[in-house]
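Note that the sequence shown ends on residue 136 in the numbering used here; no numbers are left out.
First the structure, in the form of structure tokens, and then the observations on it.
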Amino acid sequence: MNEDFDMDALMDEMTARIEDAVENAVEDQVADAVTCAVQNTLPEVMGECFADFEFVLPNGTIVRPRQYMKLLSPGKTKLLLCYGGLKVDGTTLMVQTRVSSWETIAVYPSREEAIEALAKVKNAMEAHREMLEL
Numbered sequence: 003m004n005e006d007f008d009m010d011a012l013m014d015e016m017t018a019r020i021e022d023a024v025e026n027a028v029e030d031q032v033a034d035a036v037t038c039a040v041q042n043t044l045p046e047v048m049g050e051c052f053a054d055f056e057f058v059l060p061n062g063t064i065v066r067p068r069q070y071m072k073l074l075s076p077g078k079t080k081l082l083l084c085y086g087g088l089k090v091d092g093t094t095l096m097v098q099t100r101v102s103s104w105e106t107i108a109v110y111p112s113r114e115e116a117i118e119a120l121a122k123v124k125n126a127m128e129a130h131r132e133m134l135e136l
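This is the structure:
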């Protein structure tokens, strides 16, 4: 048996390493949770800060940050936040998801049906509905 073997020193080193590993794991999880919480609440907080402001994008879209509605696609496959940026491209109803980004929410058999859906969304937003299913 090795006489220089110090069981207490070995236990202290193992304890320190385990404590460091656990501390790092907890810090990582807390950082991830905080980041996620901030990302989830940021749109609402920004909306409250800019509640009295509205602006017009170069393409004519009026943006009212406080006014938004959850928009569910016909097949319930997509849920988008709609701030008022809507357009019909052929038979496709599109929602503005960012300043320069549009996402398809639904494709209709005819342009007229797509325009009717756009009007339905616009009316729901003007009525301050929280959610609309197409």
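A virtual CB, placed ideally from N, CA and C, is assigned to each residue, including glycine.
Note that this is a predicted model, so its numbers are computed, not measured.
Since residue i and residue j are thought to touch, with beta carbons under 8 Å apart, how far apart are those beta carbons, to the nearest angstrom?
i: Thr93; j: Arg113; result: 5 Å
i: Glu118; j: Leu82; result: Actually they are not in contact, since the Cβ atoms of Glu118 and Leu82 sit about 19 Å apart, beyond 8 Å.
i: Leu88; j: Lys124; result: 7 Å
i: Ala116; j: Val90; result: 5 Å
i: Lys120; j: Ser75; result: A small fix is needed here, since residue 120 is Leu in this sequence, not Lys. With a Cβ gap of about 14 Å, Leu120 and Ser75 do not count as contacting.
Tell me the rounded alpha-carbon separation between residue i and residue j.
i: Asp30; j: Gly62; result: 44 Å
i: Thr79; j: Ile20; result: 45 Å
i: Glu25; j: Leu134; result: 45 Å
i: Cys84; j: Leu95; result: 12 Å
i: Leu59; j: Met71; result: 19 Å
i: Tyr110; j: Gly86; result: 20 Å
i: Asn42; j: Leu73; result: 17 Å
i: Thr17; j: Val32; result: 22 Å
i: Glu132; j: Asp34; result: 29 Å
i: Val28; j: Asp22; result: 10 Å
What do you get for residue i, buried or exposed, if any count of 16 or more other CB atoms within 10 angstroms of its CB means buried?
i: Gly77; result: exposed
i: Cys38; result: exposed
i: Leu44; result: exposed
i: Leu12; result: exposed
i: Ala108; result: buried
i: Val40; result: exposed
i: Val47; result: exposed
i: Val97; result: buried
Does residue i get closer than 8 Å to chain B when you measure Cβ to Cβ?
i: Thr99; result: Here chain B cannot be found, since the structure has a single protein chain.
Who pairs with residue i in a beta bridge, going by DSSP?
i: Leu73; result: Leu82 and Leu134
Beta strand (DSSP E) runs wholly inside the segment 75-134, at least 3 long, in chain order: 81-84, 88-91, 94-100 and 103-109
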